[in-house]
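A quick write-up on the structure given underneath.
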Amino acid sequence: MRSSDMMDDERDIEISGKETLHDGFFKMELYRLRHRKFDGAWTEEVSREIFERGNSVAALLYDPDADAVVMVEQFRLPAYLAGRPAWSVETPAGVVKPGEELADVARREAFEETGCEIVGDLRRISAFMASIGGSTEIVTLFLGIVDSSKASGIHGLEDEHEDIRVHVVSALEAIRRSDEGEIDNAASIIALNWLARNRDGLRRG
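Here it is in structure tokens:
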């Protein structure tokens with residue numbers, strides 16, 4: 001919630017320099033800046049390294065007739081390096097390429113990763129920053145209604161070295177797994193928390 005005495009992004013931030021440290025599959029930028037403090041004074045110039053990977057979309061795929069969600073399982077190196085289970089169960093997701101519409105990305109990723117086509121319009125659940133202290137990435141989360149009977153098998157694009165297994169999980173089981181920490185990635189946790197609050201209404205149509 002913003003108020004009249006909160007900082008103004010344009011007036012209270014001065015960026016004096018920007019340097020690209022790495023430009024590969026992801027990008028790392030070094031910014032030099034100062035910003036106004038809450039007492040009205042300015043900070044000294046500081047340096048901040050920012051991870052750039054573009055924005056992304058995730059889709060909660062829900063079948064209200066079966067009261068089930070369609071999720072995907074795939075290998076995640078960062079999870080392994082962090083000491084977490086290396087194969088992660090998640091909502092389908094993908095990076096937004098320049099010029100793409102968010103809803104189109106959600107539909108594409110749902111089909112590529114699960115074989116399911118989203119029925120009707122997507123519903124925007126939320127948008128959030130994936131790691132606000134170090135990355136500019138914004139994740140937009142959608143609800144997509146699907147026929148879960150069409151979800152099965154192994155999916156993914158060979159040229160992206162994807163190896164994705166599909167899971168159809170009852171909504172209550174997926175919510176339980178999120179609550180108990182078995183599902184531990186942010187987009188899926190947010191999606192399933194939203195489903196826990198809205199499931200009854202979705203089932204009534």
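No gaps in the numbering here: position 107 of the sequence shown is 107 in the UniProt record's numbering, and each next residue is one more.
Just so you know, even glycine gets a beta-carbon here, dropped at the ideal spot from N, CA and C.
For my contact list, residue i and residue j are in at a C-beta cut-off of 8 Å; report their separation, rounded to the angstrom.
{"i": "E137", "j": "A130", "result": "4 Å"}
{"i": "L195", "j": "T114", "result": "Not confirmed; about 17 Å, so no contact."}
{"i": "P64", "j": "L202", "result": "5 Å"}
{"i": "E10", "j": "F26", "result": "The Cβ separation is near 28 Å, so there is no contact."}
{"i": "R165", "j": "F142", "result": "The pair is not a contact, with the Cβ atoms about 22 Å apart (cut-off 8 Å)."}
{"i": "L102", "j": "V96", "result": "6 Å"}
{"i": "V70", "j": "C116", "result": "6 Å"}
{"i": "R34", "j": "E19", "result": "Incorrect: roughly 16 Å between the Cβ atoms, too far for contact."}
{"i": "R36", "j": "D67", "result": "In fact, because the Cβ distance is near 51 Å, the residues do not count as touching under 8 Å."}
{"i": "D163", "j": "Q74", "result": "6 Å"}
So for residue i, helix, strand or coil by DSSP?
{"i": "K150", "result": "helix"}
{"i": "V105", "result": "helix"}
{"i": "G115", "result": "coil"}
{"i": "G201", "result": "helix"}
{"i": "I13", "result": "strand"}
{"i": "I138", "result": "strand"}
{"i": "E90", "result": "strand"}
{"i": "M1", "result": "Any reading at M1 needs caution, since the residue's pLDDT is 45, under 50, leaving its predicted position unreliable; the model's value is listed next. Three-state result, M1: coil."}
{"i": "E100", "result": "coil"}
{"i": "A173", "result": "Note that residue 173 is Glu in the sequence shown, not Ala. E173 falls in the helix class under three-state DSSP."}
Which partner residues of residue i appear in the DSSP bridge assignment?
{"i": "D23", "result": "K27"}
{"i": "H161", "result": "For H161, which the question treats as bridged, DSSP gives no partner whatsoever."}
{"i": "R123", "result": "L143"}
{"i": "K18", "result": "Y31"}
{"i": "D63", "result": "A68"}
{"i": "S56", "result": "V95, V139"}
{"i": "E73", "result": "V89, R165"}
Please confirm if the region 143-154 is in contact with the region 106-115, defined as three or more CB-CB distances below 8 Å between the two stretches.
-> Yes, the region 143-154 touches the region 106-115.
The region 74-89 touching the region 182-195, judged by at least three CB pairs closer than 8 Å = yes
Three CB pairs or more closer than 8 Å across the region 38-47 and the region 160-171 | no
Enumerate, from N- to C-terminal direction, the unbroken beta strand (DSSP E) stretches of 3 or more residues contained entirely within the region 27-52.
-> 27-35, 46-52
Assess, as a yes-or-no matter, whether the region 45-62 is touched by the region 12-30 under the definition of 3 or more beta carbon pairs within less than 8 Å.
-> Contact holds: three or more Cβ-Cβ distances are below 8 Å.
Three or more C-beta pairs closer than 8 Å, one from the region 54-68 and one from the region 90-101: is that the case here?
-> yes
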